[in-house]
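In the order they appear, the protein sequences are chains D and H.
Under the UniProt record's numbering, the letters of the first sequence match residues 1 to 359, in that order.
Under the UniProt record's numbering, the letters of the second sequence match residues 1 to 359, in that order.
The C-beta atom is built at its ideal place from N, Cα and C for all residues, glycine as well.
Predicted model only: the values in this text are computed from it and were never measured.
Inspection log for the structure reproduced underneath, given as structure tokens.
Protein chains: 2
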Amino acid sequence: MQTLYVELGDRRYPIFIGSHLNPQQLLEPYIHGQQVMIVTNTTVQPLYLDHYVAALEKLGKKVAVCVLPDGEQYKNIEHLTLIFDALLEAGFNRDCTVLALGGGVIGDMAGFAAACFQRGVYFIQVPTTLLSQVDSSVGGKTGINHPLGKNMIGAFQQPQVVLADMAQLKSLPARELSAGLAEVIKYALLADIEFLVWLEEHMEGLVAGDSALLAEAVYRSCAHKARIVANDEKEQGERALLNLGHTFGHAIESYMGYGVWLHGEAVATGMVMAADLSQRMGWISAADLERTKKIIQRANLPVACPKIPLEEFLAYMSHDKKVLNGQLRLVLMKQLGQAILTKDFDVELMTQTILANQN
Amino acid sequence: MQTLYVELGDRRYPIFIGSHLNPQQLLEPYIHGQQVMIVTNTTVQPLYLDHYVAALEKLGKKVAVCVLPDGEQYKNIEHLTLIFDALLEAGFNRDCTVLALGGGVIGDMAGFAAACFQRGVYFIQVPTTLLSQVDSSVGGKTGINHPLGKNMIGAFQQPQVVLADMAQLKSLPARELSAGLAEVIKYALLADIEFLVWLEEHMEGLVAGDSALLAEAVYRSCAHKARIVANDEKEQGERALLNLGHTFGHAIESYMGYGVWLHGEAVATGMVMAADLSQRMGWISAADLERTKKIIQRANLPVACPKIPLEEFLAYMSHDKKVLNGQLRLVLMKQLGQAILTKDFDVELMTQTILANQN
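So, in structure tokens, the structure goes:
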């Protein structure tokens, strides 16, 4: 097992990464009250819920469960309300803990519920997908979607602890493993050319689900995220770089309707678009762009999106949270392995990029 | 005009208190972006909305408006959603400001929307009722009700600035002015015996709506609140004292149904109950209890509640946010003008108190 810390002063917390982790032992120091609400979904429930309920009950905790339907299309205010209902029906108080057992949707919703319930209760992340292990479970961003935009309503709510167990990835469908690899590749592209070389060496083993390789990829990814979050928790600066591929990706997801493309798939194509625009701006070479596309393709991820009318694509992009004073800002690559947040891009070139990366 | 500061480090903010304040001049330094969403209600809209829209437009801001129905019964997730809809339909971004123009319900809802929209945007409070001027507009507590409990879902979201304009109280119904005086009396009872003496001298003028007296009462009340909030923003300790009368009061409000009793009316009776229990515990004298009842009665506030079945009263009390590890804690008076938060009260005496203060 490897341990990383997200250094946030008195809200410092560990990420435990390994296979067949012991939740009873690892969670005990991080549960402060007597009440734990496990939020999970119908897919994860039959696989892992009993294991966690048993561990928590052995610790003497009062455990309640809220099971949501599985899918990004349920990441909305109606289903968030079900968590509040469950907390109040269980009679839970301000000293309770909300434990997210599931992927990014469950983590985002449970974390937002923890942020809002009684104006804030304790929160623990047990991410069961690769994507949530390397991305959403670390850093405290939580929230829900709105019909007019993704993650438009939310809060910063740091967990007490994160457990990333590779054994739980065995049950993950190949398509979702690939979606997680999109965010892994993102760290390499935005900050770590050596990690890109490592991924190029090991992509076959990662796609095949090798636990040791996955643990290493999760560790390296979380190390980048932990460092960036510690420097810039509220995304005033550097943290925005983690959105490489996301502004284009959010437009694709929003247009397609939540849940049609996986988030990681949209981000994958979004990263190709960011690389494509970076190349048109003259910042990276054509070879760099091809290298970016190649590693994404080897992870079985899409490098182009369906045909989307340009004006609609731009409208969805304009809802992005990185818009400041009405000015769209994009995360692009100044060079391969070095991302920047910039408003100084050519809008005509951006249009070319969007049109060039559609099927 | 008098100015108080809530000392919260880099989130320090001023409360401006006076009559016929100039919003254009006072707000300008505290609006950081170009977009302002005014959240108000159907009662306040015809009285004051145009004045604020004009002031903001003179500052060159893009102004949008979200008008909610008036009343505590609308302080719920459905009506909160209307604010998010308005923000997204206006195309507002992460650098926008949400301005609450109204009473406590509007301030709580607009503040919670500001806390959650894009994970947090700027917020300004323009409280138009006495109750919100002395209580909810200061200190950053925001939120909505749930069918199973009041203010169960919310966030701490400090405003950039608070404008408390006594001129706006001229339009306030007498019943609501009295409800505000309940919270004014609360500060005297919990922390300031000299303020109680001042209120006993000036209650007739306050009830009659004398602007100079009201400004002084608001200033003294906000000074207490600002000091307590600066010491204990997240209510880990001292801030809980501000809930004097509120655990009993919330039970009354919840049982009656939101909006039947005004919050201040329920708190008034709740303070009588807290004083009654404090007297039964031997902490304050019978004369102190009578003095408490007398000042509340002189503010035209109720000192007893309708008949509520005991088990229901206790069930609503157990949903209180001050419950810790299943243990109910109450704010009582160790002596008149000195409140304490305690779990060491006699449950049998509490039962007597509830039964003794019903009509």
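- Message: Let me check one thing: in DSSP terms, what residues is D/Ala-155 bridge-paired to?
- Response: The residue given as residue 155 of chain D occupies position 155 in the first sequence. DSSP output for D/Ala-155 lists D/Thr-142 as bridge partner(s).
- Message: Counting C-beta neighbours from all protein chains within 10 Å, is the total for H/Glu-78 16 or more, i.e. buried, or is it exposed?
- Response: Here residue 78 of chain H is taken as the residue at index 78 of the second sequence, counted from 1. Burial call: exposed.
- Reduced DSSP category for D/Gln-213 - H, G, I as helix; E, B as strand; rest coil: By one-based count along the first sequence, residue 213 of chain D stands at place 213. According to the sequence as given, residue 213 of chain D is Leu; it is not Gln. Residue state, collapsed to three classes: helix.
- Between the region 120-139 of chain D and the region 254-265 of chain H, do three or more beta carbon pairs fall short of 8 Å? no
- Message: Assess contact between the region 280-288 of chain H and the region 226-240 of chain H, defined as three or more Cβ pairs (one per stretch) separated by less than 8 Å. Is contact present?
- Response: no
- If we count the other Cβ atoms within 10 Å of its Cβ and call it buried at 16 or more, is H/Leu-99 buried or exposed? Position 99 of the second sequence, counting from 1, holds the residue named residue 99 of chain H. Classification of H/Leu-99: buried, given that the 10 Å Cβ count is 16 or more.
- Query: How would you list, in chain order, the residues of chain H whose beta-carbon sits under 7 Å from the beta-carbon of D/His-146?
  - Reply: Taking the first sequence and counting its residues from 1, the one referred to as residue 146 of chain D is at position 146. Those within 7 Å of D/His-146 in chain H are Phe-84 and Leu-88.
- Task: Would you verify that the beta carbon of D/Ala-115 is, or is not, closer than 8 Å to some beta carbon of chain H?
- Result: Working through the first sequence from its first residue, we reach residue 115 of chain D at position 115. So yes, D/Ala-115 belongs to the interface.
- Chain-ordered chain D contacts of residue 362 of chain H [CB-CB under 8 Å]: As shown, chain H starts at 1 and ends at 359. That puts residue 362 of chain H outside it, with no answer to give.
- Message: Just to check my reading of the structure: residue 364 of chain D and D/Leu-301 have Cβ atoms closer than 8 Å, yes? What is that Cβ distance to the nearest angstrom?
- Response: Any question about residue 364 of chain D goes unanswered here, given that chain D covers just 1 to 359.
- Answer yes or no: do D/Ala-274 and D/Val-331 have a C-beta to C-beta separation smaller than 8 Å? For this step, residue 274 of chain D is matched to residue 274 along the first sequence. For this step, residue 331 of chain D is matched to residue 331 along the first sequence. Yes.
- Query: If you measure beta-carbon to beta-carbon, which residues of the region 7-33 of chain H are closer than 9 Å to chain D?
  - Reply: Gly-33
- Query: chain D partners of residue 361 of chain H, CB-CB under 9 Å?
  - Reply: Residue 361 of chain H falls outside the range modelled here, since chain H spans only 1 to 359, and no answer is possible.
- Run through DSSP, which three-state label would D/Gln-160 get? The sequence position of residue 160 of chain D within the first sequence is 160, counting from 1. DSSP places D/Gln-160 in coil when its eight states are reduced to three.
- Any chance you could list the alpha helix (DSSP H) runs of at least 4 consecutive residues sitting entirely within the region 176-233 of chain D, in chain order? 193-207 and 211-231
- Query: Within 10 angstroms of its Cβ, does H/Ile-354 collect 16 or more other Cβ (buried), or is it exposed?
  - Reply: For this step, residue 354 of chain H is matched to residue 354 along the second sequence. Classification for H/Ile-354: buried.
- Tell whether a beta-carbon distance below 8 Å holds between H/Leu-4 and H/Gln-158. The sequence position of residue 4 of chain H within the second sequence is 4, counting from 1. The sequence position of residue 158 of chain H within the second sequence is 158, counting from 1. No. Outside cutoff.
- Query: Is the beta carbon of H/Phe-84 within less than 7 Å of some heavy atom of the ligand MN?
  - Reply: This structure lacks the ligand MN, and indeed carries no ligand of any kind.
- Message: Are the CB atoms of H/Val-44 and H/Leu-101 within a distance shorter than 8 Å?
- Response: Mapped onto the second sequence, residue 101 of chain H falls at position 101. Mapped onto the second sequence, residue 44 of chain H falls at position 44. Contact flag set, yes.
- Item | Partner residues on chain D for H/Ile-77, Cβ-Cβ distance less than 7 Å | As a working mapping, residue 77 of chain H is identified with position 77 in the second sequence. Ordered by position in chain D, the residues that pass the 7 Å Cβ test against H/Ile-77 are Ile-77 and Thr-81.
- List the residues that DSSP assigns as beta-bridge partners of H/Gln-358. Mapped onto the second sequence, residue 358 of chain H falls at position 358. Beta-bridge pairing links H/Gln-358 to H/Cys-305.
- Query: In whole angstroms, what separates the C-alpha of D/His-246 from that of D/Gly-270?
  - Reply: Along the first sequence, read from residue 1 onward, the residue named residue 246 of chain D stands at position 246. Along the first sequence, read from residue 1 onward, the residue named residue 270 of chain D stands at position 270. Taking the straight line from one Cα to the other gives about 6 Å.
- Message: Please state the DSSP three-state secondary structure of D/Met-350.
- Response: Translated into the one-based positions of the first sequence, residue 350 of chain D becomes position 350. In the structure shown, D/Met-350 sits in a helix (DSSP, three-state: H, G or I).
- Message: If we define contact as Cβ-Cβ less than 8 Å, is D/Gly-139 a contact residue for chain H?
- Response: As a first step, residue 139 of chain D must be located in the first sequence, where it is residue number 139. No, no contact with chain H.
- Query: Rounded C-beta distance between D/Gly-180 and D/Ser-137? I'm assuming under 8 Å.
  - Reply: Looking up residue 180 of chain D in the first sequence gives position 180. Looking up residue 137 of chain D in the first sequence gives position 137. About 11 Å separates the two Cβ atoms, so there is no contact after all.
- Message: From the DSSP secondary-structure annotation, give me the bridge partner or partners of H/Ala-339.
- Response: Taking the first residue of the second sequence as position 1, residue 339 of chain H is located at position 339. H/Met-333, per the DSSP bridge assignment.
- Query: When the cut-off is 8 Å and only beta carbons count, does H/Gly-143 lie next to chain D?
  - Reply: Numbered from its first residue, the second sequence carries residue 143 of chain H at position 143. True, the Cβ-Cβ gap to chain D drops below 8 Å.
- Using CA coordinates, which residue listed in D/Leu-68, D/Ile-193 and D/Val-197 is at the minimum distance from D/Leu-336? Residue mapping note: residue 336 of chain D aligns to position 336 of the first sequence, counting from 1. Measuring from the Cα of D/Leu-336, the nearest candidate turns out to be D/Ile-193.
- Closest residue to H/Ile-340 among H/Gln-358, H/Pro-29, H/Glu-348 and H/Ser-278 (Cα-Cα distance): Along the second sequence, one-based indexing puts residue 340 of chain H at 340. Closest option to H/Ile-340, Cα to Cα, is H/Ser-278.
- Query: Counting along the chain, where does the beta strand (DSSP E) carrying D/Gln-13 start and finish?
  - Reply: The residue you call residue 13 of chain D lines up with position 13 of the first sequence. Here residue 13 of chain D is Tyr; the residue named in the question, Gln, does not match the sequence. It spans 13-18 - the beta strand (DSSP E) in which D/Tyr-13 sits, taken as one unbroken run.
- Closest by C-alpha distance to H/Leu-206, when choosing among H/Ser-178, H/Ala-64, H/Lys-150 and H/Tyr-219: Here residue 206 of chain H refers to the residue found at position 206 when the second sequence is read from its first residue. Of H/Ser-178, H/Ala-64, H/Lys-150 and H/Tyr-219, the residue nearest in Cα terms is H/Ser-178.
- State the Cα-Cα distance for the pair H/Lys-294 and H/Asp-165, rounded to the nearest angstrom. Residue numbering aside, residue 294 of chain H sits at position 294 when the second sequence is read from its first letter. Residue numbering aside, residue 165 of chain H sits at position 165 when the second sequence is read from its first letter. Distance between the alpha carbons of H/Lys-294 and H/Asp-165: 28 Å.
- Message: Check whether chain H comes within 8 Å of D/Gly-249, counting only Cβ atoms and requiring the distance to be less than that.
- Response: Locating residue 249 of chain D in the first sequence gives position 249, where the first residue counts as 1. By this cut-off, D/Gly-249 is not an interface position.
- Task: Tell me H/Ile-38's beta-bridge partners as DSSP assigns them.
- Result: Your numbering for residue 38 of chain H matches position 38 in the second sequence. Answer by DSSP bridge pairing, in chain order: H/Val-65 and H/Leu-99.
- Counting pairs of Cβ atoms below 8 Å between the region 65-74 of chain H and the region 35-54 of chain H, do you hit three or more? yes
- Task: Please check the pair D/His-250 and D/Lys-150, which I expect to be a contact at CB under 8 Å, by giving their CB distance rounded to whole angstroms.
- Result: Along the first sequence, read from residue 1 onward, the residue named residue 250 of chain D stands at position 250. Along the first sequence, read from residue 1 onward, the residue named residue 150 of chain D stands at position 150. Contact flag correct, Cβ pair sits at about 5 Å.
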